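Enquirer:
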Amino acid sequence: MATLDTSNRAKFKWGLLDAVVVVFALIPVLWIMSLSFKTTATLTDGNFIPREWTLDNYRTIFQTDQFVRALVNSIGIALISTLIAVVLGTMAAYAISRLDFPGKSLLVGVSLLIAMFPQVSLVSPLFNIERQIGLFDTWLGLILPYITFALPLAIYTLSAFFKQIPWDLEKAAKMDGATQGEAFRKVIAPLAAPGVFTTAILVFIFCWNDFLFAISLTSTERSRTVPVALSFFTGASQFEDPTGAISAAAVVITIPIILFVLFFQKRIVAGLTSGAVKG
Amino acid sequence: MSISSTTPAGAATTDAEKRAGTAPRRRGRTPLSEGKKQERKLGWLLCAPAALVMVAVTAYPILYSFWLSLQRYDLKFPDERQFVGLENYATVLTNSYWWTAFAVTVLITVVSVVVELVLGMGLALIMHRTIVGRGLVRTSALIPYGIVTVVAAFSWRYAWTPGTGYLANLVTPDGAPLTERASALAIIILAEIWKTTPFMALLLMAGLALVPDDLLKAASMDGASWWQRFTKVMLPVMKPAILVALLFRTLDAFRVFDNIYVLTNGANQTSSVSMIAYNNLIKGLNLGIGSTMSVLIFLTVAIIAFIFVKLFGTAAPGSSDDGGRR
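So the protein sequences, as listed, match chains A and B. Yeah, the first sequence ends on 288 if you go by our numbering, and it's all consecutive. Yeah, the second sequence ends on 308 if you go by our numbering, and it's all consecutive.
#1: Kindly list the residues whose CB is nearer than 8 Å to the CB of K183(A), restricted to its own chain and excluding five residues on each side of it in sequence; keep chain order.
#2: Return the CA-CA distance between S225(A) and A169(A), expressed in angstroms with no decimal places.
#3: In the segment 53 to 111 of chain A, which residue ranges form an unbroken alpha helix (DSSP H) of at least 4 residues, counting only runs that do not cross its ends?
#4: If contact means a Cβ-Cβ distance below 9 Å, which residues of the segment 153 to 165 of chain A contact chain B?
#5: What does a CB cutoff of less than 8 Å around L39(A) pick up in its chain, not counting 5 residues either side in sequence?
#6: Could you tell me the distance, in whole angstroms, from the CA atom of A83(B) to the CA atom of G25(B)?
#7: Let me see if you follow: with CB-CB separation under 9 Å, is G112(A) close to chain B or not?
#8: Please determine, among Q274(A), N66(A), P199(A), the residue with the shortest C-alpha to C-alpha distance to F46(A).
#9: Does the beta carbon of L68(B) come closer than 9 Å to any beta carbon on chain C?
#10: Rounded to whole angstroms, what is the Cα-Cα separation between P111(A) and R22(B)?
#11: Starting from Y71(B), find everything on chain A with Cβ-Cβ shorter than 7 Å and list it in chain order.
#12: Can you look up Q20(B) in the DSSP assignment and give me helix, strand or coil?
#13: So is P218(B) in contact with chain A if we call contact Cβ pairs under 9 Å?
#14: Could you list which residues in chain B have their beta carbon closer than 8 Å to that of S240(A), in chain order?
#15: Output yes if chain B places a C-beta closer than 9 Å to the C-beta of L135(A); else output no.
#16: Let me know if E62(B) comes out buried or exposed under the rule of 16 or more other beta-carbons within 10 Å of its beta-carbon.
#17: So, are the CB atoms of L239(A) and V129(A) less than 9 Å apart?
#18: Shortest alpha-carbon distance to F59(B) belongs to which of G270(B), E174(B), A33(B)?
#19: Just to confirm before moving on: does the CB-CB distance between S228(A) and L151(A) stay below 9 Å?
#20: On the premise that G189(B) lies in contact with A223(B), defined as a C-beta separation below 8 Å, what is that separation, rounded to the nearest angstrom?
#21: Does E62(B) come within less than 9 Å of chain A when only Cβ atoms are used?
#22: Given 8 Å as the limit, is there contact between the segment 253 to 263 of chain A and the segment 106 to 120 of chain B, that is, 3 or more CB pairs closer than that?
#23: Looking at the C-beta of D196(B), does it have a partner C-beta in chain A at a distance below 9 Å?
#24: In terms of alpha-carbon separation, which member of V132(A), A34(A), R107(A), Q75(A) lies closest to Y42(B)?
#25: Is D146(A) helix, strand or coil when you go by DSSP?
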């Protein structure tokens, strides 16, 4: 068995399969990158490698308020939502995995329901409620639904991580006179940091990706995020074809995702699979 | 239980524990020790913020949505607002656009989920078993998962548009595939599959990791073929993971919005239910009809989830009472 698996033929076979996956996964990304570097004249040549390279598209988008504002909104909203969702999720996941209290399974059930909730069903009521209380077209108006839909993800992933942390350390800390709260802060929190970090990445990706809430609950540059700005992009002037500019903007918001994936591949895979097995 | 019922969360608990049917620990007949009481209090305290946000942002709006759906309420004619009972439901349910969108959504959901299950299983096997370049393959597979859907959708849109695209002329020499219904739907489905197969594969890989290597070795010693090992050993062990993946992806696919918005904007009858709900609300500013569609989509999703849980019983998530320590 072992000799067969490591034979060159097996290696070649797996290598070929790997290549298929890599090509399948990367082609659309490479295509939009290629478009973003093309000059207006060569935009329609259908070539995968630009014949004439240019940074004009990037210069154009960074000179427009429309894009820069949207980028600031996207970053700010995603970071704040991630921070809050991870803090609240950590508290809840700690309680779920470590403490015994009535109502626990109810909370798990509710988060599961929300994970399955059709987001479009919230669009009309939230639109009206936010209009009435002045949250429409504000950062907070987007942060609230993002936290809500990120929480189930955070709670599931974090409880899966927390269950792997050795109990005895907490007990030992308590025996040494620490209260439950101190045991949490001083013993469990440092051990849980990698899980919390992974969860933060997953939650950030979720918030960064949203389009439906962002397009329904915003109306101006004040809180429009990049995915929405992209869909309204018209280029530098009204008469210019926005393809190059949209491509450049698309590449810019793909950069954080590519960095996460390159540097934290193992953590992301672990985070997604650990939550799933238990779920 | 008698003690906890004096607190607000107590009533809910009885209900939840009845449903979960487990509750292995001491019942509350004996008075709780000081430490246990503190533990409960801390538990509630830590969960309260998360629970409050989740309930406030979903439960209240969905009820409010139901209330709005019973009214004629058009923001363009706010003075004509009035209670009309189930009239909006009759309007939507007898409307051919709604049913076309519903059929489109079901088609996209079924086709993409079935294809994703097959491809996802293949990808999961590759990511789990490959002996070369495992890191590379996993990293690449995460890109579609992580990328912003709108970005990917633009890439597909340009790819399939004559002029900017490399794919448009591949299939139809002089056509514009995004402007014809059948090919546009196929492209939407393709974009969905590309984006979410890795997620499906990761969920399946979690199940794959549970298959004991010894069992596979034993089966292969006994002369089982690769296919037999897959169907007789792997699939049964993976069944819970497969069902979880199917349930989540089905519900997720049913909400399809981003890809359609960018690829066709619903032209040529390619709207999903999410698309027409959005159009009625944001473009049409018709809160009554928009809310009615919201409620109908919510009910449909609830029914799908219910069928999954009923059909597959304990294998489905939620019924497994994950919250308990096992």
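Glycine included, every Cβ here is placed at the ideal spot set by N, Cα and C. Remember, predicted model here, so these are calculated numbers, not experimental data.
Expert: Checking against the coordinates, here is how it stands:
#1: Q189, A192
#2: 34 Å
#3: 65 to 72, 74 to 107
#4: L153, P154, I156, T157, F158, L160, P161, A163, I164, Y165
#5: The residues F57, in chain order, have a CB closer than 8 Å to that of L39(A) in the same chain once the five nearest residues on each side in sequence are set aside.
#6: Approximately 45 Å, taken between the alpha carbons.
#7: Chain B contact via Cβ: present.
#8: N66(A)
#9: Among the protein chains in the structure shown, which are A and B, there is no chain C.
#10: 7 Å
#11: The premise fails here: Y71(B) is roughly 14 Å from chain A at the closest Cβ pair, so nothing lies under 7 Å.
#12: Here DSSP, grouped into helix, strand and coil, assigns Q20(B) to helix.
#13: no
#14: V132, Y243, V244
#15: Yes, because at least one Cβ of chain B sits closer than 9 Å to the Cβ of L135(A).
#16: exposed
#17: no
#18: For the residues G270(B), E174(B), A33(B), the minimum Cα distance to F59(B) belongs to G270(B).
#19: no
#20: That pair is a contact at about 2 Å.
#21: Chain A contact via Cβ: absent.
#22: no
#23: no
#24: V132(A)
#25: coil
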